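Residue numbers (the working numbering): 6 to 77. Everything below concerns the one structure shown next.
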């Protein structure tokens, strides 16, 4: 995440799957960037996806969230 932020990427989605509670807590507490300017680090758990499918790997996680990438 440091490399993304230091390189100017300030709209970041973190795709998570299993047992992501501690990661989500770390993102909330340790990575606060200005939401007022449209900047964010947003965790997207597989449970939030429409339908019953979980991610079947990294490429599938990206594929299932292409709408987020295109809308950003």
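Don't be surprised by glycine CBs; every beta carbon is placed ideally from N, CA and C. Quick caveat: nothing in here was measured; it's all calculated off a predicted structure.
Check                                                                                                                                                      : Outcome
Taking its Cβ as the centre, do 16 or more other Cβ atoms sit within 10 Å of residue 30, making it buried, or is it exposed?                               : exposed
Keeping to the same chain, check which residues put their C-beta closer than 6 Å to that of residue 60; ignore five residues upstream and five downstream. : 22, 51, 66
Below 8 Å on the Cβ atoms is my contact criterion, and I expect residue 46 with residue 17 to pass it. Report the Cβ-Cβ distance as a whole number of Å.   : 5 Å
Using beta-carbon positions only, say whether residue 20 and residue 70 come within less than 8 Å of one another.                                          : yes
Rounded to whole angstroms, what's the CA-CA distance from residue 38 to residue 68? Just pull it up for me.                                               : 26 Å
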